[in-house]
Every structure is written in structure tokens, then in C-alpha cells.
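Asks: First the structure, which I've put down as C-alpha cells, then a few questions once you've had a look.
Numbering (my numbering), first residue to last: 23 to 431.
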């Protein structure tokens with residue numbers, strides 16, 4: 023949030039001094055970060071309440087994170103031999119009156135959504151193999167007839183990653199797979215096709231002067247407007263959370279196929295690795311599947327648009343507001359829930375491949391993805407607590423480790 027505010031103020035139209043910009047840079051370099059509440063913004067006039075905590079930290083008030091500890095910023099200044107910043111005219115308003123909080127959250131959400139798209143495509147490919155699905159559903163000629171580029175991109179990835187001896191050796195007895203396999207490109211592809219405008223909305227907001235009033239340094243004018251209004255971020259985040267929740271639902275339905283012996287083409291019930299007399303005593307991924315259904319339901323529940331809940335505030339001066347920060351926070355929650363779903367599906371799909379003895383027959387990308395999962399997951403034979411392994415995977419996803427792993431270049 024400090025970075026996003028700095029991006030805006032450094033454009034030179036907000037009437038702030040170099041000293042203020044330099045203090046923000048110092049905070050970033052020294053990892054002295056203001057403690058900012060997540061709630062309290064209606065998204066116009068920008069993120070007034072949360073951003074006031076950055077302004078407060080600059081003038082020696084409020085608390086900050088320093089070396090991982092929450093301490094008064096006045097204590098940090100004293101230890102560093104610094105004086106609190108003395109605000110000049112317009113600087114307090116410039117800091118507080120903008121869209122930096124919602125934009126910061128949106129930036130993180132976008133990158134995590136890219137990772138969810140990648141992971142869900144890898145998982146789908148593994149599940150097509152484990153369920154002995156029909157790879158012809160992703161045929162190039164077929165997808166040329168519906169020219170959504172993102173949808174075509176996901177289908178092409180599935181074709182490429184299924185391009186191994188497994189593809190021809192394990193054809194489904196069904197002419198058509200269930201929709202959660204067959205229509206995966208159509209679901210994941212909605213996000214892929216929306217990436218262009220989502221990124222444009224977020225980057226334009228990030229690189230804008232979004233406080234009020236603005237200062238025209240060339241013609242020496244004060245420009246009064248409404249650039250603090252977070253409508254574009256609100257629209258982007260309200261849309262993104264629907265796309266991501268739909269991917270969570272897709273993954274939930276794929277897991278339902280994997281664990282159900284009536285649908286999984288010969289996999290053990292609940293993907294248990296136990297055999298013989300131990301089989302009735304083990305439940306495999308049964309509880310995991312219940313958890314995935316709960317996370318998915320909560321993610322879907324969070325998709326109601328925040329931007330439609332405008333409330334008149336500030337004695338009706340702010341009589342129409344964006345709710346962009348709430349939209350971004352909602353999207354962030356949907357993403358975390360979906361990461362939990364993805365973590366569970368990572369384990370389940372790798373387990374299913376192992377149970378079908380397909381480990382050595384995977385394409386390079388799928389073998390690399392499986393190895394990435396197995397860094398913090400062991401195949402389940404006898405029932406054991408999976409909480410820590412799932413949490414480790416969620417933590418790795420939160421830190422964008424899959425996206426930054428070089429899996430796809």
C-alpha cells in the first residue's frame with residue numbers, strides 16, 4: 023500500500039514534496055511499514071480511513087511493523103535519529119485521498135489468480151489421466167470454432183501436457199467426459215480471456231494520480247475532480263472473484279469424481295492407498311473432499327458484487343461510492359479459499375496418478391508439477407492428519423511459489 027501510494031504521488035500532480043516521497047522510500051527500504059486496518063473504506067473519497075494510518079506514521083503517530091514487531095513509530099524514529107515529518111499544505115490530503123489500498127490488494131489478487139489458473143490447468147490434466155478421460159475434448163480444430171483466445175490457450179496447454187504415451191494408452195470408455203473435465207478450458211479460460219482488461223484496469227489505476235484536488239504544475243491550476251473514485255478496481259475485483267470461485271467449483275467437482283468409485287474408473291474409494299484388510303479401516307481423502315466442498319461453498323457465497331452496495335456518506339457529499347476496497351477484500355478471501363481448494367486438489371490428483379501407476383509416464387510439465395507438490399506432501403497409505411501438509415501448500419501458493427517456479431515459460 024505504501025508502494026501504490028508512492029507510485030501515484032511520484033507522478034508530480036499531487037502537490038507533495040520530495041521530502042515526503044523520500045520518507046516513504048525510507049520506510050520501504052528500512053521495512054518500517056505502517057499498521058493499516060483492512061476495514062473502513064467505502065472506496066470514495068478513495069481509501070481515506072486506511073490511508074490515514076500511513077499519514078499518521080509519517081508525522082510520528084500510529085504503530086508500524088519494525089523487524090516483525092508492532093511498535094510505535096515514534097519509538098522507531100527515536101532509535102533511527104529521525105524527526106517526524108512536518109506536513110506541508112495539501113500533503114495530508116494527498117496521502118489519504120486516493121485508491122492505494124484497493125489497488126494494492128488488486129495487484130496481489132491478480133498475480134494469485136494467474137497462479138490459480140496455472141495450477142487448476144495442471145490439476146485438470148492429471149485428473150484427465152487418472153480418470154482415463156478423453157483428451158480429444160481439447161482438440162485444436164474443435165477449439166478453433168470458438169475463438170476465445172484464453173479458452174484456446176487452456177485447451178492448448180492441456181493438449182501439450184497430455185501429449186505422452188498415456189494419452190493413447192488410456193482412452194475413456196465414455197465418448198464424453200463429465201463437464202468438470204470436458205469444459206475445464208471454458209471455465210478457466212474466462213479468467214485467461216479477462217486478464218487483458220483486468221490488468222489494464224489495475225495498471226492504469228496504479229499509474230494514475232488519484233487524489234483530489236490535483237495540481238497542474240505547468241499551468242499553475244488547481245484541478246478539482248473525482249479521481250479518488252475506485253470504480254474500475256471495484257468492477258475488476260467483483261468480476262475476478264466470480265471467475266476464481268468458478269474455478270474452485272470446477273476443482274471441487276473434479277475431486278468429487280476422483281473419490282467416488284462409481285465415477286473414477288477403477289480408483290480406490292476416497293483415493294485411499296490402503297489395501298487388503300486395511301482398506302475398510304481407512305478413509306483416504308473423504309474428509310478432505312468434505313472440506314473442499316465447504317471452502318468452495320464459502321467462496322461462491324462471497325461472489326455477490328460489492329460495488330452495488332453504494333451508501334451515501336459524509337452528509338451526502340459522498341452520495342455515490344465505489345466500495346472498491348470491499349470488492350478487493352472479498353476477492354482476496356475468495357482467492358484464499360480457492361488456494362485451499364487447489365492445495366487439496368494438488369494432493370488428490372498426485373495421489374490418483376500414483377494409484378494408477380502413471381508416475382513415470384507423465385509429460386515434462388506434469389512430472390515437474392507433481393514433483394513440486396511432493397516437496398511438501400507424501401502419498402497417503404494409512405490415514406494420517408493432512409492439515410500441516412495442506413497448510414504448507416497453501417503457504418507456498420500464497421507466496422506465489424508455483425507461479426515463480428518456472429514451471430511454464
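A virtual CB, placed ideally from N, CA and C, is assigned to each residue, including glycine.
#1: Given a threshold of 16 other Cβ atoms within 10 Å of its Cβ, counted over all protein chains shown, does residue 198 qualify as buried or as exposed?
#2: Return helix, strand or coil for residue 416, following the three-state DSSP convention.
#3: How big is the Cα-Cα spacing for residue 219 and residue 50?
#4: Can you give me the Cβ contacts of residue 40 inside the same chain, cut-off strictly under 7 Å, excluding the 5 residues immediately before and after it?
#5: By DSSP's criteria, residue 54 is part of a beta bridge. Which residues make up the other side?
#6: Alpha carbon to alpha carbon, what distance is there between residue 338 and residue 44?
#7: Can you find at least 3 beta carbon pairs, one from the stretch 207 to 219 and one from the stretch 280 to 298, that sit closer than 8 Å?
#8: What is the DSSP secondary structure of residue 243, reduced to helix, strand or coil?
#9: In the stretch 114 to 189, which residue ranges form an unbroken beta strand (DSSP E) of at least 3 residues, counting only runs that do not cross its ends?
#10: For the stretch 289 to 308 against the stretch 317 to 334, do three or more pairs of beta-carbon atoms, one drawn from each stretch, fall closer than 8 Å, so that the two count as touching?
#11: Helix, strand or coil for residue 311, going by three-state DSSP, please let me know.
#12: CA-CA distance, residue 422 and residue 126?
#13: Excluding the 5 residues preceding and the 5 following residue 355 in the sequence, name in chain order all residues of the same chain whose CB lies nearer than 7 Å to its CB.
#14: Does residue 239 pass the burial test, meaning 16 or more other C-beta atoms within 10 Å, or should it be called exposed?
#15: My output table needs one value for residue 322: the three-state DSSP class, helix, strand or coil.
#16: Would you list the residues sitting across from residue 93 in a DSSP beta bridge?
#17: Using C-beta distances below 7 Å, list every residue in its chain close to residue 32, excluding the 5 sequence neighbours before and after it, in chain order.
#18: Would you kindly check if the distance between the Cβ of residue 66 and the Cβ of residue 340 is under 7 Å?
#19: In or out: residue 146 buried (at least 16 other Cβ within 10 Å) or exposed?
#20: What would DSSP say about residue 335, mapped onto helix, strand or coil?
#21: Enumerate in chain order the residues of its own chain whose CB-to-CB distance from residue 305 is below 8 Å, with the five nearest sequence positions on each side excluded.
#22: Which residues mark the beginning and the end of the beta strand (DSSP E) in which residue 236 is found?
#23: Looking at the structure shown, is residue 423 part of a helix, part of a strand, or coil, going by DSSP?
#24: Residue 432 lies in the alpha helix (DSSP H); which residues open and close that run?
#25: Would you mind working out which of 202, 76 and 196 sits nearest residue 55, comparing C-alpha positions?
#26: Mind checking who residue 340 pairs with in its DSSP beta bridge?
#27: Can you round the beta-carbon distance between residue 69 and residue 109 to whole angstroms, since I take them to be within the 8 Å contact cut?
#28: Evaluate contact between the stretch 391 to 399 and the stretch 359 to 375, counting only Cβ atoms and requiring at least three cross-stretch pairs below 8 Å.
#29: Assuming residue 259 is part of the alpha helix (DSSP H), what are its boundary residues?
#30: Using the C-alpha atoms, what's the distance from residue 431 back to residue 276?
#31: Do the CB positions of residue 80 and residue 107 come within less than 7 Å of each other?
#32: Verify whether the separation of the beta carbon atoms of residue 90 and residue 84 is less than 7 Å.
#33: Under DSSP, the alpha helix (DSSP H) around residue 346 begins and ends at which residues?
#34: I'd like to check one pair, residue 30 with residue 120: are the Cβ atoms closer than 7 Å?
Replies: This is what the structure holds:
#1: exposed
#2: helix
#3: In a straight line, the C-alpha of residue 219 is about 29 Å away from that of residue 50.
#4: none
#5: 88
#6: In this structure, the alpha-carbon of residue 44 lies about 36 Å from that of residue 338.
#7: No, they do not touch.
#8: strand
#9: none
#10: no
#11: helix
#12: 16 Å
#13: 324, listed in sequence order.
#14: It is exposed - the Cβ of residue 239 has fewer than 16 other Cβ atoms within 10 Å.
#15: helix
#16: 86
#17: Within its own chain, the residues whose Cβ lies closer than 7 Å to the Cβ of residue 32, once the five positions on either side in sequence are excluded, are 43, listed in chain order.
#18: Result yes, Cβ atoms of residue 340 and residue 66 sit closer than 7 Å.
#19: Burial call: buried.
#20: Strand, per DSSP.
#21: 292, 294 and 405
#22: 236 to 238
#23: coil
#24: Coverage of the chain is limited to positions 23 through 431, which leaves residue 432 absent and any answer about it impossible.
#25: 76
#26: Partner(s): 335.
#27: With a Cβ gap of about 18 Å, residue 69 and residue 109 do not count as contacting.
#28: yes
#29: 253 to 281
#30: Taking C-alpha positions only, residue 276 is separated from residue 431 by approximately 26 Å.
#31: yes
#32: no
#33: 346 to 377
#34: yes
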